[in-house]
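Engineer: In the numbering used here, the protein residues as written are 7 to 477.
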Amino acid sequence: MDRGRQGLRCLAFAAALCLAYIAGYLQGGALCPQLATWARSPQDLAETSAIPLAREEESVQSDDVAPVDDSPGTTQPPMPIDDKPMRSGKGCSQYEGVSFPLDGWPEEVRAKEGVSIYGTGWAQRRLREHQFPGSCAGKSFVEHGMFRSGIGSNFHISAAVLAMALNEGSIYLWPEDDTENPWTHGDKKSLVDCPGGKAVSSYQCYLKPPSSCKGSGGSRFTGVKRERGKLELKSTELIPRMFKELLKCSGYHSRYWVKWWRAQAVAFLLRPSDATREELAAFRRQSLVGTMQAGVLGSYVRHGDKYYEATEYPFQDYLQIFGWILGTAEVKRCAGSEALLAPFQWQLPKLRSVRRLYLGSDDANVLQEALSSFRNLIYMNVSRLSKRMSLMKVQRRLGPKQMVMESLLNLQLLMESDAFVCTWSSNWCRLVDEMRLTVGMKAEHLSLEVNKHCPRFNWVHGGGADTPDFR
Numbered sequence: 007m008d009r010g011r012q013g014l015r016c017l018a019f020a021a022a023l024c025l026a027y028i029a030g031y032l033q034g035g036a037l038c039p040q041l042a043t044w045a046r047s048p049q050d051l052a053e054t055s056a057i058p059l060a061r062e063e064e065s066v067q068s069d070d071v072a073p074v075d076d077s078p079g080t081t082q083p084p085m086p087i088d089d090k091p092m093r094s095g096k097g098c099s100q101y102e103g104v105s106f107p108l109d110g111w112p113e114e115v116r117a118k119e120g121v122s123i124y125g126t127g128w129a130q131r132r133l134r135e136h137q138f139p140g141s142c143a144g145k146s147f148v149e150h151g152m153f154r155s156g157i158g159s160n161f162h163i164s165a166a167v168l169a170m171a172l173n174e175g176s177i178y179l180w181p182e183d184d185t186e187n188p189w190t191h192g193d194k195k196s197l198v199d200c201p202g203g204k205a206v207s208s209y210q211c212y213l214k215p216p217s218s219c220k221g222s223g224g225s226r227f228t229g230v231k232r233e234r235g236k237l238e239l240k241s242t243e244l245i246p247r248m249f250k251e252l253l254k255c256s257g258y259h260s261r262y263w264v265k266w267w268r269a270q271a272v273a274f275l276l277r278p279s280d281a282t283r284e285e286l287a288a289f290r291r292q293s294l295v296g297t298m299q300a301g302v303l304g305s306y307v308r309h310g311d312k313y314y315e316a317t318e319y320p321f322q323d324y325l326q327i328f329g330w331i332l333g334t335a336e337v338k339r340c341a342g343s344e345a346l347l348a349p350f351q352w353q354l355p356k357l358r359s360v361r362r363l364y365l366g367s368d369d370a371n372v373l374q375e376a377l378s379s380f381r382n383l384i385y386m387n388v389s390r391l392s393k394r395m396s397l398m399k400v401q402r403r404l405g406p407k408q409m410v411m412e413s414l415l416n417l418q419l420l421m422e423s424d425a426f427v428c429t430w431s432s433n434w435c436r437l438v439d440e441m442r443l444t445v446g447m448k449a450e451h452l453s454l455e456v457n458k459h460c461p462r463f464n465w466v467h468g469g470g471a472d473t474p475d476f477r
């Protein structure tokens with residue numbers, strides 16, 4: 007994307023903050039990033055020191071010890087972990103080597119002996135302590151309803167509202183009357199058939215509740231629009247203050263802190279309920295073509311109506327990157343391409359011996375191209391509509407529940423994949439990456455953005471430079 011388009015997006019954002027989907031693009035401390043080059047050259051990136059990562063102990067939730075019905079469970083105390091401190095500052099060690107629960111996801115999404123981004127276990131435990139207090143008496147609340155946008159956009163907006171609630175000392179809730187949520191309402195505003203037979207209008211239709219408390223007044227937002235109360239979302243307060251000391255210990259550049267927080271918020275909020283997990287398992291048996299295994303390269307090709315917002319790359323550009331990663335093609339248009347793969351050399355032998363691709367896409371033509379050009383292809387056998395159809399029109403055609411279940415299964419399969427290629431201009435792609443960096447414990451795994459010439463890092467390997475996932 008050229009600087010002119012980026013500048014127009016900045017102006018549009020500042021003038022129309024009330025447009026909720028833009029909140030998913032908010033950058034900490036400023037309405038828009040500086041209009042500068044997105045990333046350094048591969049040579050510059052190779053010279054930067056690697057951003058430190060924290061090893062977390064795998065801990066599986068037990069439903070038998072849940073503090074409330076369908077809520078996060080307690081975990082066993084963390085075992086000693088070989089986890090080097092990121093900084094020698096006072097108190098930094100408390101953030102390292104803390105376990106956290108899978109909480110709704112199957113074990114397969116986690117990398118064996120993997121690592122999450124710094125402080126994930128500690129942050130996830132603090133979120134659970136805040137949102138699931140011993141008593142709800144005397145607590146204040148912030149209710150957050152969704153608006154008509156994609157799931158990725160919804161949850162990135164939720165990160166901003168959750169941060170505000172934490173900074174105010176309030177409990178974040180989904181309202182019981184989430185009437186604008188497009189993913190829980192079908193024709194004529196009728197509720198979808200939630201997994202387990204529930205009749206719920208919020209994301210709790212599919213996911214575990216964000217709190218053990220029930221709301222009783224307080225502020226309320228729909229997207230970023232204030233519906234009730236006096237609280238306001240501020241672009242300078244997108245990171246909870248309770249995590250500022252942790253982030254100082256992390257070694258991450260401050261421009262990446264909002265990205266770290268979004269990943270923590272998504273990991274906490276996106277926890278499938280037991281009923282959803284059962285339906286996902288059945289849906290997987292019914293729709294998945296091919297077999298997932300160690301060494302799978304995962305990718306999502308976001309076309310659809312994203313064409314009107316950002317650069318769309320043809321599938322041939324993805325194929326070139328797949329071939330480059332898997333050792334079946336040379337990179338002719340990317341000087342210094344070796345530097346881009348340098349952090350992931352340990353993965354390449356397995357990826358290249360398996361040579362298996364899991365592909366998700368909203369474009370039926372992409373699947374046809376992939377089937378004709380990729381021998382070991384894994385995909386979901388589901389309906390795909392016109393490439394240029396708007397998201398809400400697709401929702402009406404396929405039905406909101408079908409789209410949510412496809413999205414959750416797609417997310418699960420991409421979390422299981424050992425490497426990931428996507429476009430950071432997509433909220434959905436960034437959400438997948440965030441889940442891989444936290445719950446999936448794949449912060450050291452290959453994750454690149456497709457580009458016409460050279461693929462680009464996500465922020466974890468950005469070395470402090472502006473990265474394509476600036477939003």
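Just so you know, even glycine gets a beta-carbon here, dropped at the ideal spot from N, CA and C.
Bear in mind that the values here come from a model prediction, so they are computed numbers and not experimental data.
Skipping 5 residues on each side, what residues in its chain have a beta carbon closer than 7 Å to that of Met248?
Structural biologist: By 1-based counting over the sequence shown, the position of residue 248 is 242. Excluding positions up to five away in sequence, the list reads Arg132, Leu172.
Engineer: Using 8 Å for Cβ pairs, my map puts Asp184 next to Lys407. What's the rounded Cβ distance?
Structural biologist: As a position in the sequence shown, residue 184 is number 178, starting the count at 1. As a position in the sequence shown, residue 407 is number 401, starting the count at 1. The pair is not a contact, with the Cβ atoms about 15 Å apart (cut-off 8 Å).
Engineer: Taking the continuous beta strand (DSSP E) assigned at Ile123, which residues delimit it?
Structural biologist: Position 117 of the sequence shown holds residue 123. Element bounds for Ile123: n/a, residue is neither H nor E.
Engineer: Among Phe463, Pro215, Gln322, Ala300, which residue has its Cα nearest to the Cα of Arg134?
Structural biologist: The residue you call residue 134 lines up with position 128 of the sequence shown. Selected option, being the one with the closest Cα: Pro215.
Engineer: Looking at Arg358 and Val302, is the spacing between their C-beta atoms short of 8 Å?
Structural biologist: Translated into positions along the sequence shown, residue 302 becomes position 296. Translated into positions along the sequence shown, residue 358 becomes position 352. The answer is no: Cβ separation not under 8 Å.
Engineer: Is the beta carbon of Ile327 within less than 7 Å of some heavy atom of the ligand FAD?
Structural biologist: Looking at this structure, you won't find the ligand FAD or any other ligand, since it has none at all.
Engineer: Helix, strand or coil for Phe321? Go by DSSP, reduced to three states.
Structural biologist: Counting from one through the sequence shown, the residue named residue 321 turns up at place 315. Phe321 falls in the helix class under three-state DSSP.
Engineer: Could you give the distance in angstroms between the alpha-carbon of Tyr306 and the alpha-carbon of Lys118?
Structural biologist: Taking the sequence shown and counting its residues from 1, the one referred to as residue 306 is at position 300. Taking the sequence shown and counting its residues from 1, the one referred to as residue 118 is at position 112. Cα to Cα, the separation comes out at about 23 Å.
Engineer: Can you give me the Cβ contacts of Gly304 inside the same chain, cut-off strictly under 6 Å, excluding the 5 residues immediately before and after it?
Structural biologist: Counting from 1 along the sequence shown, the entry for residue 304 is found at position 298. Cβ within range, chain order: Tyr364, Leu420, Ser423, Phe426.
Engineer: Within this structure, are the beta carbons of Ile157 and Ser432 separated by less than 8 Å?
Structural biologist: Against the sequence shown, residue 157 aligns to sequence position 151. Against the sequence shown, residue 432 aligns to sequence position 426. Taking 8 Å as the cut-off, the beta carbon of Ile157 is found no closer than this to the beta carbon of Ser432.
Engineer: To which residues of the same chain is Leu179 closer than 6 Å at the C-beta, ignoring the five residues directly before and after it?
Structural biologist: If you number the sequence shown from 1, residue 179 lands on position 173. If you ignore the 5 residues before and after Leu179, its C-beta comes within less than 6 Å of the C-beta of Phe147, Glu149, Ser217, Gly221, all in its own chain and listed in chain order.
Engineer: Buried or exposed for Thr190, going by 16 or more other Cβ atoms inside 10 Å?
Structural biologist: Numbered from 1 along the sequence shown, position 184 holds the residue referred to as residue 190. By the 10 Å Cβ count, Thr190 comes out buried.
Engineer: Tell me the DSSP bridge mates of Ala425?
Structural biologist: If you number the sequence shown from 1, residue 425 lands on position 419. Partner(s): Leu303.
Engineer: Nearest-angstrom Cα distance between Trp267 and Leu168?
Structural biologist: Translated into positions along the sequence shown, residue 267 becomes position 261. Translated into positions along the sequence shown, residue 168 becomes position 162. Each residue's Cα considered, the two are about 10 Å apart.
Engineer: Would Leu244 be called buried (16 or more neighbouring beta carbons within 10 Å of its own) or exposed?
Structural biologist: As a working mapping, residue 244 is identified with position 238 in the sequence shown. A residue is called buried when at least 16 other Cβ atoms come within 10 angstroms of its Cβ; Leu244 meets this threshold and is buried.
Engineer: Closer than 8 Å is the cut-off here; do at least three beta carbon pairs connect the segment 318-325 with the segment 456-469?
Structural biologist: Yes, they touch.
Engineer: If you run the structure through DSSP and keep just helix, strand and coil, what is Ile331?
Structural biologist: The residue given as residue 331 occupies position 325 in the sequence shown. Assigned with DSSP and collapsed to three states, Ile331 falls in helix.
Engineer: Under three-state DSSP, which class holds Ile384?
Structural biologist: One-based indexing of the sequence shown puts residue 384 at position 378. It is a strand residue.
Engineer: Give me the Cβ distance between Lys356 and Gly120, rounded to the nearest whole Å; I'm assuming they're in contact under 8 Å.
Structural biologist: On the sequence shown, residue 356 is found 350 positions in, with the first residue counted as 1. On the sequence shown, residue 120 is found 114 positions in, with the first residue counted as 1. Rounded, the Cβ-Cβ distance is 14 Å, inconsistent with contact.
Engineer: Looking at Leu286 and Gln418, is the spacing between their C-beta atoms short of 8 Å?
Structural biologist: Start at 1 with the first residue of the sequence shown, and residue 418 comes out as number 412. Start at 1 with the first residue of the sequence shown, and residue 286 comes out as number 280. Cβ distance < 8 Å, so Gln418 and Leu286 count as in contact.
Engineer: With distances taken between CB atoms, is the gap from Glu251 to Gly103 smaller than 8 Å?
Structural biologist: Stepping through the sequence shown from its first residue, residue 251 is reached at position 245. Stepping through the sequence shown from its first residue, residue 103 is reached at position 97. Not in contact: Glu251 and Gly103 (Cβ atoms no closer than 8 Å).
Engineer: On a CA-only basis, which of Gly175, Arg226, Ser241 is nearest Arg234? Give me that one, please.
Structural biologist: One-based indexing of the sequence shown puts residue 234 at position 228. Scanning Gly175, Arg226, Ser241 for the CA closest to the CA of Arg234 turns up Arg226.
Engineer: Leu347 to Ile331, Cα distance in whole Å?
Structural biologist: Working through the sequence shown from its first residue, we reach residue 347 at position 341. Working through the sequence shown from its first residue, we reach residue 331 at position 325. For Leu347 and Ile331, the distance between alpha carbons rounds to 8 Å.
Engineer: If we call anything under 8 Å between Cβ atoms a contact, is Arg442 one with Asp368?
Structural biologist: If you number the sequence shown from 1, residue 442 lands on position 436. If you number the sequence shown from 1, residue 368 lands on position 362. Cβ distance not < 8 Å, so Arg442 and Asp368 don't count as in contact.
Engineer: How far does the beta strand (DSSP E) with Arg234 in it extend, from its first residue to its last?
Structural biologist: Here residue 234 corresponds to residue number 228 of the sequence shown, with the count starting at 1. Unbroken beta strand (DSSP E) run through Arg234: 231-234.
Engineer: Just list the residues that DSSP pairs Tyr480 with in beta bridges.
Structural biologist: Nothing in the structure corresponds to residue 480, since the chain is present only between 7 and 477.
Engineer: How long is the line joining the alpha carbons of Ala143 and Ala376, rounded to whole angstroms?
Structural biologist: Counted from its first residue, the sequence shown places residue 143 at position 137. Counted from its first residue, the sequence shown places residue 376 at position 370. Whole-angstrom Cα-Cα distance: 56 Å.
Engineer: With DSSP as the reference, please indicate the residues paired to Leu213 in a beta bridge.
Structural biologist: Within the sequence shown, the letter at position 207 stands for residue 213. Paired residue(s): Pro278.
Engineer: Under three-state DSSP, which class holds Arg390?
Structural biologist: As a position in the sequence shown, residue 390 is number 384, starting the count at 1. Here Arg390 sits in coil by DSSP.
Engineer: How far does the alpha helix (DSSP H) with Arg339 in it reach, from first residue to last?
Structural biologist: Locating residue 339 in the sequence shown gives position 333, where the first residue counts as 1. No alpha helix (DSSP H) holds Arg339; DSSP gives it neither H nor E.
Engineer: Where does Thr54 fall in DSSP's three states?
Structural biologist: Within the sequence shown, residue 54 is the residue found at index 48, counting from 1. Interpretation of Thr54 is limited by its pLDDT of 33, a score under 50 that renders its predicted location unreliable; the figure taken from the coordinates is listed afterwards. In this structure, Thr54 counts as coil in the three-state DSSP scheme.
Engineer: Ile327 to Pro461, Cα distance in whole Å?
Structural biologist: Within the sequence shown, numbered from 1, the residue matching residue 327 stands at position 321. Within the sequence shown, numbered from 1, the residue matching residue 461 stands at position 455. Put simply, the backbone Cα of Ile327 is about 7 Å away from that of Pro461.
Engineer: Taking the beta carbon of Arg381 as the centre, do at least 16 other beta carbons fall within 10 Å, making it buried, or is it exposed?
Structural biologist: Locating residue 381 in the sequence shown gives position 375, where the first residue counts as 1. Answer is exposed; the Cβ neighbour count stays below 16.
Engineer: So, is Tyr314 buried or exposed, given that buried needs 16 or more other C-beta atoms within 10 angstroms?
Structural biologist: Numbered from 1 along the sequence shown, position 308 holds the residue referred to as residue 314. Only weak support is given to the placement of Tyr314: the predicted model assigns it a pLDDT of 49, under 50, and the value that follows is read from those uncertain coordinates. So Tyr314 ends up on the exposed side.
Engineer: Taking only three categories from DSSP, how would you classify Ser186?
Structural biologist: Residue 186 sits at position 180 when you count from the first residue of the sequence shown. Contrary to the premise, residue 186 reads as Glu rather than Ser in this sequence. Glu186 falls in the coil class under three-state DSSP.
Engineer: With a 10 Å radius around its C-beta and 16 neighbouring C-beta atoms as the bar for buried, classify Glu440 as buried or exposed.
Structural biologist: Here residue 440 refers to the residue found at position 434 of the sequence shown. With 16 or more Cβ atoms within 10 Å of its Cβ, Glu440 is classed as buried.
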